[in-house]
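The working numbering numbers the first residue of the sequence shown as 1 and each following residue consecutively. Quick reminder that beta carbons are idealized off the backbone N, C-alpha and C, glycines included. Please read all numbers here as calculations on a predicted model, not as lab measurements. Take a look at the structure set out below.
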Amino acid sequence: MLIKSDANPSLINLLIFTLFLLVGLLLLRKGLVIEKNEQIRTAYFLFGMLLKTNIIETKKMNIVSVLTFRKRSNYKYPKRWNSFNRWEPNLEYSATSYQLYLLNENHSVKRKLISFMKEENSIKALNFLLQNTGMKVAVYNPNNSKKTSY
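As structure tokens, then:
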């Protein structure tokens with residue numbers, strides 16, 4: 001028994017293309033590339049192949065720091081819905097992200113390089129930057145002692 005399809009071939013091709021595009025986006029990875037002149041680029045990789053790079057401006061920024069952020073959200077029901085308060089589930093979600101930043105000498109200017117969800121990956125990226133560039137590691141501590149007058 002053969003099944004005859006009345007679907008348009010261009011529609012089937014569009015669906016297959018969309019499927020491959022979505023799978024490709026799921027497998028896309030973000031990373032760092034350092035060129036011979038110590039120029040840092042953020043890059044997108046698919047199966048180890050370099051797809052796209054963006055230049056990071058590192059002029060007068062020779063310090064790297066890892067900043068930790070805790071991202072949280074809480075989806076609570078409003079208090080006016082008393083009937084929901086008895087069985088309200090805990091919908092709180094929190095995640096920690098580790099972000100690499102480039103800093104200038106007095107830490108007044110910072111530029112985000114890349115963000116990670118695991119601390120081990122941020123340490124690997126930090127060691128990669130330190131081995132392949134002449135940058136230093138420092139704890140982020142901006143000098144706010146100088147007050148500006150308006």
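For residue i, count neighbouring Cβ atoms within 10 angstroms of its own Cβ and tell me buried if that reaches 16, exposed if not.
i: Leu11; result: exposed
i: Ala138; result: exposed
i: Asn143; result: exposed
i: Leu50; result: exposed
i: Ser122; result: buried
i: Val64; result: buried
i: Ala125; result: buried
i: Leu129; result: buried
i: Ile114; result: buried
Between the Cα of residue i and those of the options, spot the shortest distance and give me the residue it belongs to.
i: Thr46; options: Glu57, Leu28, Thr133 and Phe116; result: First, the residue type needs correcting, since residue 46 is Leu and not Thr in the sequence shown. Measuring from the Cα of Leu46, the nearest candidate turns out to be Leu28.
i: Ile56; options: Thr68, Val33, Arg72 and Asn74; result: Val33
i: Asn132; options: Lys118, Gly24, Gln39 and Gly31; result: Gln39
i: Phe116; options: Leu126, Ser97, Met61 and Arg70; result: Ser97
i: Lys112; options: Gln99, Glu119, Lys118 and Glu120; result: Gln99
i: Val109; options: Met61, Phe17 and Ile16; result: Met61
i: Tyr93; options: Arg70, Asn106, His107 and Ile16; result: Arg70
i: Asn141; options: Asn104, Leu14, Lys118 and Leu22; result: Asn104
i: His107; options: Lys118, Ala95 and Lys136; result: Lys136
i: Val66; options: Gly134, Lys118 and Leu19; result: Lys118
Please report the Cβ distance between residue i and residue j, rounded to the nearest whole angstrom; I am assuming they are in contact, meaning their Cβ atoms lie under 8 Å.
i: Ala218; j: Lys36; result: Not covered by the structure: residue 218. The range shown for the chain is 1 to 150.
i: Thr68; j: Leu102; result: About 17 Å separates the two Cβ atoms, so there is no contact after all.
i: Asn54; j: Arg72; result: Contact flag wrong, Cβ pair sits at about 29 Å.
Grab the span of the alpha helix (DSSP H) containing residue i for me, first residue to last.
i: Gln131; result: Glu119 to Asn132
i: Leu46; result: That residue, Leu46, is in no alpha helix (DSSP H); its beta strand (DSSP E) goes Ile40 to Leu46.
i: Gly33; result: A quick correction: the sequence has Val, not Gly, at residue 33. Per DSSP, Val33 belongs to no alpha helix (DSSP H); it is in the beta strand (DSSP E), Arg29 to Ile34.
i: Asn106; result: Neither: Asn106 is in no alpha helix (DSSP H) and is coded neither H nor E.
i: Thr18; result: Pro9 to Leu26
How would you write the range of the beta strand (DSSP E) that residue i sits in, first residue to last?
i: Val66; result: Ile63 to Ser73
i: Thr96; result: Tyr93 to Leu103
i: Lys52; result: Met49 to Ile55
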